[in-house]
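Colleague:
There are 2 protein chains.
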Amino acid sequence: MKIEVICTGDEVLTGKIVNTNFSYITQKLEDFGLSVSQETTVGDDRESLLRAFLLAGERADAVIVNGGLGPTVDDLSQEIAAKAAGVELVLSQEWLKTMEAFFLRRSRAMPPNNTKQAMLPQGSEILDNPIGTACGFAVNIGKARFFFTPGVPRELRRMLEEQIIPRLMAKSGQQTAVFLKRFHSYGIGESHADALLNGVEALAPEGSVKLGFRAHYPQLETKLTARGKDMNDIRAKLAPVEAEVRKRYGNFILGEDDQTLEGVVLAELEKVKGTLTIVESFTGGQITGRIAHLPGAQNVIRRGIVARELTEICNAVRLLNVPEGITKEAAAAVARAALQETGATHALAVLIDLDTGSDRIEFAGTVCLAIATADHTAVRRSRVVGGRDWVRLGAIEMGLDCLRRALQGLPVDERIDFEKVE
Amino acid sequence: MKIEVICTGDEVLTGKIVNTNFSYITQKLEDFGLSVSQETTVGDDRESLLRAFLLAGERADAVIVNGGLGPTVDDLSQEIAAKAAGVELVLSQEWLKTMEAFFLRRSRAMPPNNTKQAMLPQGSEILDNPIGTACGFAVNIGKARFFFTPGVPRELRRMLEEQIIPRLMAKSGQQTAVFLKRFHSYGIGESHADALLNGVEALAPEGSVKLGFRAHYPQLETKLTARGKDMNDIRAKLAPVEAEVRKRYGNFILGEDDQTLEGVVLAELEKVKGTLTIVESFTGGQITGRIAHLPGAQNVIRRGIVARELTEICNAVRLLNVPEGITKEAAAAVARAALQETGATHALAVLIDLDTGSDRIEFAGTVCLAIATADHTAVRRSRVVGGRDWVRLGAIEMGLDCLRRALQGLPVDERIDFEKVE
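Chains as they are written, first to last, in the working numbering: chain A, 31 to 452; chain B, 31 to 452.
(1) Please indicate yes or no: does the CB of H214 of chain B lie closer than 6 angstroms to some heavy atom of the ligand SAM?
(2) What three-state label does DSSP hand G242 of chain A in the structure shown?
(3) For chain A, is any of its Cβ atoms less than 7 angstroms away from the one on F312 of chain B?
(4) In terms of residues, what are the limits of the beta strand (DSSP E) holding Y216 of chain A?
(5) Return the residue from the list B:G219, B:V271, B:A266 that minimises the CA-CA distance to L241 of chain B.
(6) When the Cα atoms are used, what is the spatial distance from E155 of chain B to I110 of chain B?
(7) List the residues that DSSP assigns as beta-bridge partners of V352 of chain B.
(8) Rounded to the nearest angstrom, how far is the Cβ of A374 of chain B from that of T305 of chain B, given a contact under 8 angstroms?
(9) DSSP state of D383 of chain B, grouped into three classes?
(10) Only counting runs of 4 or more residues, tell me where the alpha helix (DSSP H) segments fall wholly within the stretch 92-123 of chain B, in order along the chain.
(11) Would you verify that the beta carbon of A337 of chain A is, or is not, closer than 7 angstroms to some beta carbon of chain B?
(12) Taking the Cβ atom as the reference point for each residue, do F177 of chain B and A168 of chain B lie within a distance shorter than 7 angstroms?
(13) Report the CB separation of Q438 of chain B from E298 of chain B in whole angstroms; it is logged as a contact under 8 angstroms.
(14) Check the Cβ-Cβ distances between T44 of chain B and every residue of chain A, and say whether any is below 7 angstroms.
(15) For T145 of chain B, which option in B:R333, B:G100, B:R188, B:E34 has the closest C-alpha, if you only look at C-alpha atoms?
(16) Can you list the residues of chain B that E69 of chain A reaches, using a CB-CB cut of under 9 angstroms?
(17) Does the contact criterion of 3 or more C-beta pairs under 8 angstroms hold for the stretch 89-106 of chain A versus the stretch 64-78 of chain B?
(18) Could you give the DSSP three-state label for T44 of chain B: helix, strand or coil?
(19) State the DSSP-derived secondary structure class of M261 of chain B, mapped to helix, strand or coil.
(20) Closest by CA to Q204 of chain A, which one among A:A256, A:F243, A:I161?
(21) Return helix, strand or coil for G39 of chain A, following the three-state DSSP convention.
(22) Around the Cβ of S122 of chain A, are there at least 16 other Cβ atoms within 10 angstroms (buried) or fewer (exposed)?
(23) Cβ closer than 9 angstroms: which chain B residues qualify as neighbours of A365 of chain A?
(24) Leaving out five residues on either side along the sequence, give the residues of the same chain with a beta carbon under 8 angstroms from the beta carbon of L226 of chain A.
(25) Please classify Q152 of chain A: is it buried, with 16 or more other beta-carbons within 10 angstroms of its beta-carbon, or exposed?
(26) Tell me the rounded alpha-carbon separation between L433 of chain A and V42 of chain B.
(27) Please report whether the beta-carbon of G355 of chain A lies at a distance below 7 angstroms from any beta-carbon of chain B.
(28) Anyone know if the C-beta pair for V364 of chain B and R410 of chain B falls short of 7 angstroms?
(29) Show which residues of chain A have a CB atom less than 7 angstroms away from the CB atom of A346 of chain B.
(30) Where does I195 of chain A sit, in a helix, a strand or coil, going by DSSP?
(31) Quick one: give me the first and last residue of the alpha helix (DSSP H) that R188 of chain A is part of.
(32) Rounded to whole angstroms, how far is the Cβ of R366 of chain B from the Cβ of T407 of chain B, which I believe are closer than 8 angstroms?
(33) For G293 of chain B, would you say it is in contact with chain A, using Cβ-to-Cβ distances shorter than 7 angstroms as the test?
(34) Which chain A residues sit within Cβ distance under 7 angstroms of R422 of chain B?
(35) Where does G319 of chain A fall in DSSP's three states?
(36) Taking C-beta pairs closer than 7 angstroms, name the residues in chain A that G319 of chain B reaches, listed in chain order.
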């Protein structure tokens, strides 16, 4: 089945906003085993919209149109959809009532120009939008079924998942269910991961599980798209592949599905009623910044301390014997002093000895980190290369991931792909 | 002149990467007074590419194609360009030599498969790429001039600015120069700014200066695109408009052109050989995280302190009389104690009293902040609404902007559009 996407709106076409709606739509469809064959972006003008609708209607079996359903004069999707479909625009009493109820729940009168949002091409099927006034709808243009969606991201997302994907799955003749299993890791590059997981798909019958990756440095997301008759069937097919991925990645899996590294760290600390102090240098508060604002963190985060000079770091944690330089031992001493000074159950210290000179691709930094508890201190030293930003981002992730490992009783010093062996 | 953009590649089409190259291209063209009429994304397959090239060649005067110039088998742009133009693919001795020199400078031998990158449609004009091996080129397809560019963002950006925009400006018949003047502000919403600057364009002759906005909460960018015979002419035309924008925005302008808020704060502190301590609560280290990693910050950032509980904040700065709650007076006391404890010349304290309950659009927080120096303490209290993220992002920007104002001798408590009047 050929699926196309048409994005509308001057804001996207002029680059005022980056088109994240498109990447959301196409990713989501991929997760369900559906593929987009082409995307077209056009502005808010009648000629371009009509041409784009007619051309896509000739080529595709299904077309998702995003944007142009608002109440203002530059929102043209319904009007041009009607023209392209060769039908009249008619007022939908059903949607008008839905909107009136929407405003009533908010104790407001419906502004008259919202009526425009209930004007739909004759014969359209309504696609419900429970969180906005833009009416989604489906209509045939050429040989394709067109699905019209709102530009507001959360309205689009909900409509895509609840209304459009089920219709596309039915239309594609795939009566099967689809499920996406995700693993998050830090420290394994995409090509290494690809080699490491070689052959895992074959553990499921007849291509029912497909492997994919999505790299966003420093993390890597590994995706298993599984198909089956129903969820029980999918779970059975997925189980051996999942188990093998867990085995091969081992300690490198930091979370699964909707889990985040910072969320996992916070949950592990909550589990042991722990409190955490973080000491940072070049990462400048960005490690603490990943956790401290999360719901629940107010009970866990004891203190965050940032300083760029080692003497000032020692001042802040009342470490009287200032170490001579940035080493694993210095990081351990700072973490132990931080524990002492703030009374937390856990302390993470991430010290960085940065190269000098201007930023360049060979610019590196030596990360020395320590995680201290009352009876143990784990340490790690690592040289990270790739420019100032790369070193900073790598050190943030390494600090959080080593803390995750320490909390889970795993070694903190397993070799990763992003460090330079000396 | 009609300009289209075609983006190629399975990674963009499947949403593995967000298409920021397109938004960069179209924004850059807008800055030069050129407009994109349509964008098309297709995958790495011959049929889709050929169809997209031929259709755009019928509609447009100029087409920018991004991606598909690499050395691997799925890079198809040159091959399909030749087919669409009806010419042969020929080896460019010129580009082959350029690539060999490129590898020689890196003390590496050129891999044989790179030769493919020197295969160009016969009659192509080379567009130089001084930082990569992908060869840009221009060729006619249909009635349009096609410009082929690499997918690597920094290579694309340089080629667009140095090679393509001058050719598009010449082709458009605009022999004039174009200059983009930018202002950055915090605290004025886009529609307010639009009303505030009403009529400023008329201060320049015959539409030579065009006003535009780009909002990225919490900041707003105001753009003046100016045209003239040459830069002297442009400067003369721009001067009265620029002066009027500065006058109407007043203290709200936090920087111009490539300046950033954190960069301005750092520069002001460097100017007075100042040192800075920052105390944060719900912002969790993200204020410190904006400045502490910048080049030069190692001499300015004295200490960053994060804690979620007021008593712990007071512990960290040795404030013995813990205030009763989060008020302007409490923020002032914390900032003064931080100054004392760390010996910095400046201290910023940003305390936040968050609403309770689950996240929702009405979720708000009360921000109490203070900036202390040896002889003065400036304070501000503000209620920010819009959900947890909105409050956090607003408080980060407000903290930095009030520090900027204090350093520049401006009032820190001017009313902004993002706060709720109580």
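Here a beta-carbon is modelled for each residue, glycine too, at the ideal position from N, C-alpha and C.
Modeller: The answer reads as follows:
(1) This structure simply doesn't include the ligand SAM, nor any ligand for that matter.
(2) Residue state, collapsed to three classes: strand.
(3) yes
(4) 207-216
(5) Looking at the Cα atoms, B:V271 is the closest of the given residues.
(6) 16 angstroms
(7) None, per the DSSP bridge assignment.
(8) 4 angstroms
(9) strand
(10) 107-115
(11) yes
(12) yes
(13) 7 angstroms
(14) yes
(15) B:G100
(16) The contacting residues are C37, V42, L43, N49, E69, T70, T71, V72.
(17) no
(18) coil
(19) helix
(20) A:A256
(21) coil
(22) buried
(23) The premise fails here: A365 of chain A is roughly 16 angstroms from chain B at the closest Cβ pair, so nothing lies under 9 angstroms.
(24) I218, R278, Y279
(25) Flag for Q152 of chain A reads exposed.
(26) 34 angstroms
(27) No, because no Cβ of chain B sits closer than 7 angstroms to the Cβ of G355 of chain A.
(28) no
(29) R333
(30) I195 of chain A falls in the helix class under three-state DSSP.
(31) 183-189
(32) 6 angstroms
(33) Using beta-carbon distances, G293 of chain B does not count as an interface residue toward chain A, since no partner is under 7 angstroms.
(34) H323
(35) helix
(36) Result: G314, G315, Q316, G319.
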